[in-house]
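Going by our numbering, the first residue of the sequence shown is number 9, and it counts up by one from there.
Where is the CB? At the ideal position from N, CA and C, for every residue including glycine.
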Amino acid sequence: MRFFNSVGPNPRVVSLFMAEKGVAIPEVSVDIRGGENRRAPYNETVNPAGQTPALELDDGSILTEITAICEYLEELHPTPPLIGATPQERAETRMWTRRADLKVCEPITSGFRSSEGLPMFQSRMRCLPEAAAGLKAVAQDGIAWFDAQLAGRRYIAGDRFTLADILLFAFLDFGRNVGQPLDTAFTNVTAWFDRVGERPAFQPAT
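This is the structure we're talking about:
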C-alpha cells in the first residue's frame with residue numbers, strides 16, 4: 009500500500025490514526041501548496057476530486073475520504089479499536105465523528121478557505137469571502153456545543169479514545185494556526201484538547 013500524504017488537517021487525521029494503531033505505510037508526499045493535487049497525474053490516476061489524503065491498496069485500487077480510509081485500516085488492524093469493538097461502539101463513534109465534521113471541521117475549513125486561505129483556494133474551488141466570518145462563527149458555536157457535551161467525559165465518546173477525538177483535535181489544531189484560536193473559555197474542550205495532545209502518538213517525530 010501507499011499513503012498519499014500532504015500538509016493539512018485531513019491527511020493528518022489519517023496519519024494520527026495510523027500512529028495510534030502502530031501502523032506504518034509507505035508515503036508519497038503531495039505538494040498541495042504548489043497545486044500538485046489539482047493536476048495530472050494525481051487528479052487523473054489517484055483522486056479525481058483533487059484532494060488528499062488517498063490510500064493506494066495492494067491491488068492498485070484507491071481509497072479516498074478520511075473516514076473511509078480509517079474504517080478500512082480499522083478492519084485490517086482492529087487492535088486497538090479506534091472506531092469500536094461492537095456494533096454499538098462503532099455506531100457511537102460514527103455518530104460523534106459526523107457531529108464533529110458537520111459542527112466544527114467543515115465550517116473551520118470553509119472559513120479558512122474563504123479568508124486567510126483565499127489566495128490559495130480561490131482559483132481551485134468556489135470560495136465565499138462574504139461568508140467567512142459567519143462560517144467561523146458557526147465553528148465556534150459547534151465548539152461551544154462540544155464543550156457542553158464533554159462535561160464529565162474523558163473523551164468524546166466517554167472513556168473510549170476514538171476517531172472522533174482524532175478528527176476534532178486535528179481540525180481544532182489546524183484552526184488555531186490559521187486565525188481561529190481555541191477559546192480557553194471553553195474549559196472542557198481545552199482540557200480535552202490538552203489531554204489528547206499529550207498522547208504519545210501525537211508527539212512530533214524526532
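Within the same chain, show all residues whose beta-carbon is closer than 7 Å to that of residue i, passing over the 5 residues directly before and after it, in chain order.
i: Arg98; result: Ile91, Gly92
i: Pro137; result: Ser122, Ser123, Leu126
i: Arg46; result: Gly58, Arg132
i: Glu44; result: Val38, Tyr50
i: Trp153; result: Lys111
i: Ala139; result: Ser122
Just grab the DSSP bridge partners of residue i for me.
i: Gly166; result: Tyr163
i: Arg47; result: None; Arg47 has no bridge partner.
i: Phe12; result: Val36, Ala62
Skipping 5 residues on each side, what residues in its chain have a beta carbon closer than 6 Å to that of residue i?
i: Ala108; result: Ala172, Leu175, Leu176
i: Tyr221; result: For the chain, the structure presents residues 9 to 214; residue 221 sits outside this window and is missing.
i: Phe11; result: Ile33, Glu35, Leu63
Distance, Cα to Cα, residue i vs residue j?
i: Trp104; j: Ala145; result: 20 Å
i: Ile74; j: Asn18; result: 7 Å
i: Ser14; j: Asp181; result: 16 Å
i: Ser23; j: Asp191; result: 26 Å
i: Phe129; j: Ala48; result: 18 Å
i: Glu82; j: Val21; result: 14 Å
i: Ile116; j: Ile151; result: 10 Å
i: His85; j: Lys29; result: 7 Å
i: Glu52; j: Gly119; result: 28 Å
i: Thr198; j: Pro189; result: 11 Å
i: Phe169; j: Val204; result: 9 Å
i: Trp200; j: Val38; result: 31 Å
i: Arg71; j: Tyr80; result: The sequence given here places Leu at residue 71; Arg does not occur at that position. For Leu71 and Tyr80, the distance between alpha carbons rounds to 9 Å.
i: Val186; j: Thr195; result: 21 Å
i: Ala32; j: Met26; result: 7 Å
i: Arg106; j: Glu114; result: 10 Å
i: Gln211; j: Leu65; result: 27 Å
i: Ala193; j: Pro95; result: 35 Å
i: Asn55; j: Pro208; result: 31 Å
i: Ala141; j: Asp67; result: 44 Å
i: Asp202; j: Ala76; result: 27 Å
i: Gly42; j: Leu143; result: 26 Å
i: Ala178; j: Glu206; result: 13 Å
i: Arg102; j: Asp167; result: 16 Å
Given 6 Å as the limit, tell me if residue i has its C-beta closer than that to any heavy atom belonging to the ligand MG.
i: Ala76; result: The ligand MG is absent from the structure shown, which contains no ligands of any kind.
Thinking residue i and residue j are a contact (beta carbons under 8 Å), I'd like their distance in whole angstroms, please.
i: Val112; j: Ala147; result: 5 Å
i: Ala165; j: Glu100; result: 5 Å
What residues in its chain sit with their C-beta under 8 Å from that of residue i, if we drop five residues either side in the sequence?
i: Thr60; result: Phe12, Asn13, Ser14, Gly16, Asn18, Pro19, Val38, Ile40, Asn45
i: Asp149; result: Lys111
Check: What beta strand (DSSP E) runs, 3 residues minimum, are completely inside the segment 52-121?
Finding: 62-64, 70-72
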